[in-house]
Amino acid sequence: MDHLLLNGKKFYYEEIANYSFRNSIPLNGYEVTTLEFCRNWLNGVQEIAINTSGSTGAPKLITLTRAQMIASAQNTLLALNLQENDRTLVCLNTEYIGGMMMLVRGLVGNLHLTIIEPIGNPFKYLPPNGPDEYDFGSFVPLQLQAIITESPEKKYLLDQMKGILVGGAVVNDILYKQIQNIAAPVYHTYGMTETSSHVALKRLNGSKPDSYFKAASSVKLGLDERGCLTIIGNLTNDQLITTNDLANLISEHEFEWLGRVDNTINSGGVKVQAEKVEVALAQALLELDLNYRSFITPLPDAKLGQRIVAVLEGEKLENTKEESIQKHLQQILNKYEIPKAFKYIANFCTTASGKIDKPATLKSLI
């Protein structure tokens, strides 16, 4: 390919490399940032400074090498069987690793890039001069759910893709069931900024969905003394990365994700994994036909030390519905894992990369 589309504007790679378009085409801040990255890449930059998302802690600036990012891109191109000139939709924030690596995959694999600014439903504002179909797309769960529920007439765009990535957050049960109706293979991703985006994929649909995340053969997995995942391979620059993610290691290339070690809640001396409760809560809300986003948080408790609280997005539910949720949870969880209270917030805060920002959201509870 000799060009890309950015917010419906055509930019040739030659002019991007030379920045010769600046005086002829008006640009907004997002377009400038995206084109500056492409310019640096086309001119052979060897190191990229990038901020982490900040979803699990304060954002920090790290440096990735060109070789790491190429290795990661090649893994994805191979896993999804992407070929030159395949049409790629980039709708994640290109200032963060998810969107940035979509650009790298396009540039490394010579894919056709259609880039739009990140919004809740990317299919609402597809450029009229863009492709009629796409071969590859990557979304956060909120985006994919919005496409399915708000733009059902455009579902065929998903069905015709070679592969769809969804990551950056847990796929709740509502979205999981909706994904089963997508004809294209949909993969949940596991990774982080330090690993140049995902290191492992988990197929969610089809006749044989995956039970576990599977890493590329060039990636070796392990566990530290806490039971947290360790990663080493060419996409980590052959440096051992120790995560805060608890895992059940199936093999050195396959694992079950259990949750973050810093999301372990100590309630009355019993350790409870927040992610396990979050999955059960989402399932209960789905079965009761309650369309609420939710998450679990600990709050201080004089007796228990920490008590488990369910945080829901939207108007307060009636007491009878809260009781129904509790009854559903009692069938799945033990008594120590069941939330002791429900809290409500009108709108959850999100990070720039589209993830729920729990710390910012919880400020309105205090």
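Heads up: the sequence shown at position 362 corresponds to 362 in the UniProt record's numbering, and the numbers run straight through without jumps. Using N, Cα and C, we set each Cβ at its ideal position, and we do this for glycine too.
(message) Can you check which of these residues, N121, F255, N51, A352, is closest to T189 by C-alpha distance?
(response) Minimum Cα distance to T189 is reached at F255.
(request) Compare the Cα-Cα distances from I48 to each of M101, P26, R87, V32 and report the closest residue. (result) Residue M101 is the option with its Cα nearest to I48.
(message) Could you check whether D135 and D86 sit closer than 8 Å to each other, using their CB atoms as the reference points?
(response) Closer than 8 Å, so yes.
(message) Considering only the alpha carbon of each residue, which of A183, P118, Y156 lies closest to E133?
(response) Y156
(message) I'd like to confirm the pairing. Which residues does DSSP put opposite G163 in its beta bridges?
(response) F136
(message) Could you check whether L235 and K219 sit closer than 8 Å to each other, using their CB atoms as the reference points?
(response) Going by the sequence as given, residue 219 is Val instead of Lys. Yes, these two residues count as a Cβ contact at 8 Å.
(request) Could you spell out where the alpha helix (DSSP H) holding V108 opens and where it closes? (result) 97-109
(message) Just verifying my parser: in three-state terms, what is the DSSP assignment at C38?
(response) helix
(request) Tell me whether E194 is buried or exposed, calling it buried when 16 or more other Cβ atoms sit within 10 Å of its Cβ. (result) By the 10 Å Cβ count, E194 comes out buried.
(request) Measure how close the beta-carbons of E252 and L229 come, nearest whole angstrom, since I'm counting them as under 8 Å. (result) By a beta-carbon distance limit of 8 Å, E252 does not contact L229. Their separation comes to about 11 Å.
(request) Just confirm the distance between the C-beta atoms of E322 and F342, as a whole number of angstroms; I'd bet it's less than 8 Å. (result) 5 Å
(message) Using a Cβ-Cβ cutoff of less than 7 Å, which residues in the same chain neighbour residue 385 once the five nearest sequence positions on both sides are dropped?
(response) Here the chain covers residues 1 to 366 and nothing more, so residue 385 does not appear.
(request) Select from L35, E287, T297 the residue whose C-alpha is nearest the C-alpha of N266. (result) T297
(message) Output needed for L77: all residues of its chain with C-beta closer than 8 Å, excluding positions within five of it in sequence on either side, in chain order.
(response) R105, V108, G109
(message) Between which two residues does the beta strand (DSSP E) holding L61 run?
(response) 61-65
(message) So for S72, helix, strand or coil by DSSP?
(response) S72 falls in the helix class under three-state DSSP.
(request) Starting from E315, trace the alpha helix (DSSP H) both ways and give me its first and last residue. (result) E315 -> no alpha helix (DSSP H), and no H or E assigned at all.
(message) On a Cα-Cα basis, can you pick out the residue from A215, L288, P128, L113 that is closest to L92?
(response) Of A215, L288, P128, L113, the residue nearest in Cα terms is L113.
(message) The beta strand (DSSP E) that contains D173, what's its start and end?
(response) Careful: D173 lies outside any beta strand (DSSP E), inside the alpha helix (DSSP H) at 173-179.
(message) I need the straight-line Cα distance from S24 to L89, nearest angstrom please.
(response) 25 Å
(request) List the endpoints of the continuous beta strand (DSSP E) containing K276. (result) DSSP places K276 in no beta strand (DSSP E) but in the uninterrupted alpha helix (DSSP H) bounded by 274-287.
(request) Determine the extent of the alpha helix (DSSP H) in which A341 is found, giving its start and end residues. (result) Premise fails: A341 lies in the beta strand (DSSP E), 341-345, not in any alpha helix (DSSP H).
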